[in-house]
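Written out below as structure tokens is the structure these notes cover.
Number of protein chains: 2
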Amino acid sequence: MASLQVTQEQERITSPPMASLLCPPYKAVMYDQYGEPDKVLRLADVGPVELGARDVCVKMLAAPINPSDINSIEGVYPNKPTVPGAVGGIEGVGQVQAVGPAVTASLSPGDWVIAFPHTAMGTWQTYAVKPQELWHKVRNDVPMEYAATVTVNPLSALVLLQCFTKLNPGDTIVQNGATSIVGQCVIQLAKAQGIRTINIIRDRPGSEQAKHRLTQLGAHLVFTESQLRVKNVKSLLGTLPEPALGFDCVGGNAASLTMRVLRKGGTMVTYGGMSKEHVNVSTSSFIFKDLSFKGFWLWNWVNSDKVVDCKKMIDYLLDLVKEGKLTYQTELTPFRDFGLALNKAQGKLGAQPKQVVSFWDKAKL
Amino acid sequence: MASLQVTQEQERITSPPMASLLCPPYKAVMYDQYGEPDKVLRLADVGPVELGARDVCVKMLAAPINPSDINSIEGVYPNKPTVPGAVGGIEGVGQVQAVGPAVTASLSPGDWVIAFPHTAMGTWQTYAVKPQELWHKVRNDVPMEYAATVTVNPLSALVLLQCFTKLNPGDTIVQNGATSIVGQCVIQLAKAQGIRTINIIRDRPGSEQAKHRLTQLGAHLVFTESQLRVKNVKSLLGTLPEPALGFDCVGGNAASLTMRVLRKGGTMVTYGGMSKEHVNVSTSSFIFKDLSFKGFWLWNWVNSDKVVDCKKMIDYLLDLVKEGKLTYQTELTPFRDFGLALNKAQGKLGAQPKQVVSFWDKAKL
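These protein sequence lines map, in sequence, to chains D and W.
Counting along the first sequence from 1, when you hit position 9 you're at 9 in full-length UniProt numbering, and nothing is skipped either side.
Counting along the second sequence from 1, when you hit position 341 you're at 341 in full-length UniProt numbering, and nothing is skipped either side.
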């Protein structure tokens with residue numbers, strides 16, 4: 001952990017007057033082997049880096065610590081960064097500092113860009129040099145913590161809503177894990193499209209407050225798991241149309257409850273497994289209720305032919321943020337407190353908002 | 001049961017010289033309430049029935065006793081025939097006897113027709129009158145037990161192979177329950193299309209003979225469930241491409257083994273649940289292996305917009321029968337022994353070939 005202490009001294013990197021095609025020396029959170037993040041991560045000094053003809057040098061503003069970042073460092077995620085010399089972080093926002101002479105994208109110093117697609121791994125650094133196609137220009141009039149986090153949770157929510165079953169205004173979807181950031185985004189994105197949401201949350205202290213919060217976000221119905229343990233689950237829906245689409249990020253009992261709410265011929269998409277339990281499907285659900293079950297993993301999705309679509313979706317999401325129609329809780333932590341943010345992101349200090357590391361004092365931007 | 005004894009006396013129905021638009025009086029196996037087949041079935045005398053303008057009178061030749069017929073009579077099948085007055089049987093072949101004056105289909109006395117689509121329920125009768133669109137003309141140079149049984153098991157096998165994932169010659173599929181008639185048809189139909197099959201069967205006495213029999217039919221690989229309980233199941237496939245499509249008619253452990261053989265992004269279709277156990281899917285199979293799971297029920301399928309396609313598929317299947325490329329074991333039982341056939345179909349006399357009832361002595365055809 002000591003190696004991760006960013007001292008005031010270290011942070012005061014003075015950006016030298018830009019040499020023609022040099023990105024300034026920078027600090028990066030790196031690792032050389034897989035393992036426990038607080039054991040293997042180290043703060044490294046890198047650079048200055050010379051820009052290739054089509055490279056863009058970006059001064060990173062902010063990047064979150066996602067659960068998948070932790071899993072990547074632990075080496076338990078299917079996509080393994082190359083070690084030694086891996087830089088942590090898969091998403092983040094920065095400000096264009098300099099562009100190579102052959103860059104054709106409309107990118108100028110000062111523009112905000114996000115690291116996308118995610119193959120552009122390594123966002124936990126104060127500067128980053130990557131080819132132009134790995135940066136996507138975004139509006140710069142939203143809080144930077146939203147630009148920094150738009151490509152994982154909100155984009156997942158939008159893909160779930162748009163890319164599995166054709167939904168129309170007035171339709172209904174059902175989801176479990178509704179209090180997660182993806183769940184909260186699903187509620188708000190559905191509302192923006194006139195789609196009603198049936199939301200399933202855990203039975204636990206505070207579930208009434210959680211219901212209230214989700215309702216404030218636009219949830220149509222919210223049930224705890226125990227409330228759905230009734231014989232005729234459809235009777236709880238009132239006049240709502242039965243949903244053709246369901247989202248599952250829990251597995252186990254929560255997945256079973258979600259599929260019970262689906263209409264005949266419906267589809268459930270599993271995108272997480274918080275309970276670490278399997279999804280159990282009766283053969284009659286397949287044969288007579290004609291349910292379909294699919295998986296969704298954003299990395300597979302984005303690394304297919306969906307990059308252009310996804311960039312449009314990202315722009316749409318940040319437009320919604322600007323309009324106040326998409327909100328979720330983040331905590332901006334200065335880079336010097338990276339170790340603290342890491343502990344919070346790992347749940348070592350109890351439930352916390354998503355940790356977003358800001359790399360520079362605002363005064364220096 | 002006594003009511004089901006067809007005496008020699010009863011069977012000697014003498015077809016009267018056809019009145020202009022009358023179908024002769026006939027015998028039907030009927031039921032007036034749901035229940036145990038040997039309790040609720042009765043042999044009824046019906047008719048003569050007057051033909052409507054677009055009706056066709058068919059002298060039924062043969063009809064099988066399928067498990068779904070039993071379930072329908074028991075009232076446990078989702079599609080419930082209307083009682084009282086339901087006639088058993090969903091598939092069968094007959095010979096056109098007379099056509100109504102406004103019939104436009106190319107149907108002439110002597111033609112072989114099958115009851116299709118299955119909405120034309122009630123094939124356990126010596127004559128049947130139904131509108132022209134509920135009869136499909138088929139070739140009459142195959143054994144009648146194949147024409148009588150083509151619309152349930154062989155058609156299911158062909159839909160499974162053709163309608164879920166685009167397969168090309170050289171591709172591979174995997175299936176469990178491979179010794180079932182559907183399973184045997186899948187093997188032969190796949191072979192006819194140049195598709196290789198990986199087959200999973202139960203561990204039981206005689207499994208070596210079963211392997212041999214399936215291999216004779218064209219199976220590429222046959223494994224018992226226990227043989228697949230190895231860490232690297234893909235090592236068993238040798239040079240075979242990993243299958244993109246799998247069929248499950250068992251659920252439980254057999255379903256889990258089937259999905260393990262599938263390639264990343266593959267689809268498993270569940271069309272039966274012989275083990276009466278659920279299909280268990282790990283969330284990582286959804287998320288990281290990107291597997292999809294669907295159901296298939298022929299009744300749903302045929303009652304959609306697939307009737308024209310299915311008729312072409314039925315013709316293709318009977319062509320294969322004629323060419324000797326599609327074979328499965330049936331037992332032709334005379335109508336007078338209907339009660340015996342019913343017992344055999346219900347498994348009361350041990351494992352038996354599919355029971356097909358022939359309504360007339362060959363000499364009378």
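Virtual Cβ for every residue (Gly too), placed ideally from N, Cα, C.
All of these numbers come straight from a predicted model, not from anything done at the bench.
HIS118/D has a beta carbon lying at 8 Å or more from every beta carbon in chain W. Per DSSP, LYS276/W is not a residue of any alpha helix (DSSP H), being assigned neither H nor E.
Distance between LEU340/D and PHE223/D, taken at the CA atoms: about 35 Å. Interface residue (Cβ-Cβ distance to chain D less than 8 Å): PHE286/W is classified as such. Within the same chain, Cβ atoms closer than 8 Å to the Cβ of LEU21/D are found at GLU50, LEU51, ALA98, GLY100, PRO101, the five residues on either side in sequence being excluded. Runs of the beta strand (DSSP E) spanning 3 or more residues and lying entirely within the region 296-358 of chain W occur at 330-334, 354-358, in chain order. Separation of ALA219/D and ALA210/D (C-alpha to C-alpha, rounded to the nearest whole angstrom) is 11 Å. Looking at the DSSP output, ILE173/D sits in a beta bridge with THR197/D, LEU245/D. Each residue's CA atom was taken as its position, placing VAL261/W and CYS249/D some 25 Å apart. The way I'd put it, the region 113-133 of chain W does touch the region 83-97 of chain W; three or more beta-carbon pairs between them come closer than 8 Å.
Per DSSP, GLY94/W is one residue of the beta strand (DSSP E) stretching across 93-99.
Taking 3 residues as the shortest admissible run, the region 37-103 of chain D contains the following complete beta strand (DSSP E) segments, listed from N- to C-terminal end: 42-46, 55-64, 93-99. Here ALA53/W has GLY100, PRO101, ALA102 as same chain residues with Cβ atoms under 6 Å from its own Cβ, once five neighbours each way along the sequence are excluded. Of the other Cβ atoms in all chains shown, 16 or more fall within 10 Å of the Cβ of PRO24/D; this residue is therefore buried. Contact residues of the region 292-305 of chain W toward chain D are SER292, PHE293, LYS294, GLY295, PHE296, TRP297, ASN300 (C-beta to C-beta distance below 8 Å).
Under the Cβ distance rule, GLY266/W does not count among the residues neighbouring chain D, no pair being separated by less than 8 Å.
Look at THR270/W: its C-beta is under 8 Å from a C-beta on chain D.
With contacts defined as CB atoms closer than 8 Å, GLU331/W and GLN346/W fail to qualify as a contacting pair. Nearest neighbour of THR149/D by Cα position, chosen from ILE187/D, SER72/D, TRP124/D, turns out to be TRP124/D. Inclusion of TYR31/W and ILE73/W in the CB contact set at 8 Å is warranted, their separation being smaller than that value. LYS289/W sits buried, since 16 or more C-beta atoms from the chains shown fall within 10 Å of its C-beta.
Take GLY295/W, set aside five residues on each side of it, and the residues of its chain with a beta-carbon closer than 6 Å to its own are THR270, in chain order. Between GLY252/D and GLY246/D, the alpha-carbon positions lie close to 14 Å from each other. Under the Cβ criterion of 8 Å, ASN253/W is not counted among the residues facing chain D.
For chain D, the residues of the region 74-87 of chain W that bring a beta carbon within less than 8 Å of one of its beta carbons are PRO78, in chain order.
Scanning ASN303/W, VAL186/W, MET144/W for the CA closest to the CA of LEU326/W turns up VAL186/W.
Among the residues of chain W, those whose CB is under 9 Å from the CB of GLY273/D are SER282, THR283, SER284, PHE286, ILE287, following chain order. Taking C-beta separations shorter than 7 Å and ignoring five residues to either side along the sequence, the partners of SER226/W in its chain run ASP203, following chain order.
With fewer than 16 neighbouring CB atoms inside 10 Å of its own CB, VAL76/D falls in the exposed class. Per DSSP, the beta-bridge partners of SER292/D are THR267/D.
As a beta-bridge residue in DSSP terms, GLN125/D pairs with ALA28/D.
For LYS211/W, the uninterrupted alpha helix (DSSP H) segment begins and ends at 207-217. With a threshold of 8 Å between beta carbons, VAL279/D makes contact with chain W. Three or more beta-carbon pairs separated by less than 8 Å link the region 133-142 of chain D to the region 106-116 of chain D, which places the two stretches in contact.
Cα atoms of VAL356/W and ASN153/W: separation of roughly 13 Å, rounded to the nearest angstrom. The count of Cβ pairs closer than 8 Å, one atom from the region 273-289 of chain W and one from the region 269-283 of chain D, reaches three, so the stretches are in contact.
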